[in-house]
Amino acid sequence: MAVDAGEYALTGLVLGLSSGLSPGPLLTLVVSETLQRGAGAGIRVAAAPLLTDLPIVLVSLAVLARVADVAPAMGALSLAGGLLLAHFGWQGLTFRGAATESRGSPAGSLWKGIGANLLNPAPYLFWLTVGGPLVHRALPGHPLAAGGFAAAFYTCLVGSKILVAVAVQGSRSWLHGRGYTLIQRVLGAALCLFALRFAWDGLRGLGWVG
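Residues in the sequence shown are numbered from 49 upward in steps of one, following this note's numbering.
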């Protein structure tokens with residue numbers, strides 16, 4: 049399959065925004081720390097993936113390197129990735145507002161973010177079934193496309209959580225507003241489209257379609 053660097057960057061942008069803005073343990077902690085200790089604490093939590101995800105990415109790529117020549121295995125991973133993206137897409141399409149409860153101990157915000165991200169299964173599932181296969185496909189002949197995907201993904205993942213911290217600092221009602229809900233719905237629809245593509249690639253890899 050031909051690799052388009054622009055398409056990879058756009059994919060990273062959409063997936064990063066969706067991951068960054070979707071309700072989950074890390075976003076809840078960003079909101080909680082912001083409400084308790086200010087936007088600076090929320091921003092430190094938002095930066096946690098930059099410190100935790102490299103081992104996850106490397107392990108995922110190592111696993112994929114061992115099964116890359118086994119079409120059914122790659123097909124199964126693509127199909128699983130499609131199901132994961134469909135799940136995230138459905139969450140976005142049915143989004144009705146994020147929680148803003150204040151929780152947590154007074155421990156360091158960054159360390160709390162690191163712990164929350166390491167114990168969250170979402171990064172492992174994402175890199176094994178979605179991000180990893182994309183990077184693995186591009187890396188041998190198109191390292192810039194692979195790097196562009198990763199750069200766009202993490203810029204949007206971390207940047208969107210930082211924006212949430214700043215917005216919540218100004219008004220905690222923002223997470224329940226129409227604008228945030230609309231963003232979630234649009235991203236949810238985009239994820240469903242990506243899910244269809246991954247599912248199709250998975251079905252082809254398994255030999256179930258031509």
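Built from N, CA and C at the ideal position, the CB exists for glycine as well.
Within 8 Å, do at least three Cβ pairs link the segment 123-134 to the segment 225-232?
Two segments are said to touch when three or more pairs of C-beta atoms, one from each, lie closer than 8 Å; by this definition the segment 225-232 does not touch the segment 123-134.
Residues near A243 in its chain [Cβ-Cβ closer than 7 Å; skip 5 each side]:
Cβ contact annotation for A243 (same chain, cutoff 7 Å, sequence separation greater than five): G130, L133, A134 and G137, in chain order.
Measure the alpha-carbon distance for A247 versus L173 and round it to whole angstroms.
Straight-line Cα distance between these residues: approximately 15 Å.
Can you give me the Cβ contacts of G152 inside the same chain, cut-off strictly under 8 Å, excluding the 5 residues immediately before and after it?
In this prediction, G152 scores a pLDDT of 48, lower than 50, which makes its location untrustworthy; the coordinate-derived value is nonetheless stated afterwards. These residues qualify, in order along the chain: L77, S80, E81, Q84 and K160.
Identify, in the order they occur along the chain, each residue of the same chain with its Cβ nearer than 7 Å to the Cβ of I91, setting aside the five sequence neighbours on each side.
Excluding residues within five positions, the ones whose Cβ falls inside 7 Å are I210 and A213.
Taking only three categories from DSSP, how would you classify T203?
If DSSP states are grouped into helix, strand and coil, T203 belongs with the helices.
CA-CA distance, Y56 and L176?
Going by the C-alpha atoms only, they are around 17 Å apart.
Are there 16 or more other CB atoms within 10 angstroms of the CB of P103, so buried, or fewer, so exposed?
The residue in question, P103, is exposed, as its Cβ has fewer than 16 Cβ neighbours within 10 Å.
Rounded C-beta distance between L74 and N165? I'm assuming under 8 Å.
Under the criterion of beta carbons closer than 8 Å, L74 and N165 qualify as touching, at roughly 6 Å.
In three-state DSSP terms, what is R165?
The sequence shown places Asn at residue 165, rather than the Arg named in the question. Reduced to three states, the DSSP call for N165 is helix.
Is the Cβ-Cβ distance between S208 and G72 less than 7 Å?
Annotated as distal: S208 and G72, with beta-carbon spacing of 7 Å or more.
Can you tell which of Q217, H190, Y202 and L223 has the C-alpha that lies nearest to the C-alpha of G54?
For the residues Q217, H190, Y202 and L223, the minimum Cα distance to G54 belongs to H190.
Three-state secondary structure (DSSP) of P181:
Helix, per DSSP.
Indicate the three-state DSSP secondary structure (helix, strand or coil) for G156 in the structure shown.
It is coil, neither helix nor strand.
May I ask you to report which of helix, strand or coil DSSP gives R144?
DSSP places R144 in the coil class of the three-state scheme, outside both helix and strand.
Rounded C-alpha distance that separates L223 from A87
If you take the alpha carbons of L223 and A87, they lie about 15 Å apart.
Suppose the cutoff is 8 Å on Cβ atoms and the five residues either side in sequence are ignored; what does the same chain contact list for D101 look like?
Closer than 8 Å at Cβ, skipping near neighbours: N165, P171, W175 and Y202.
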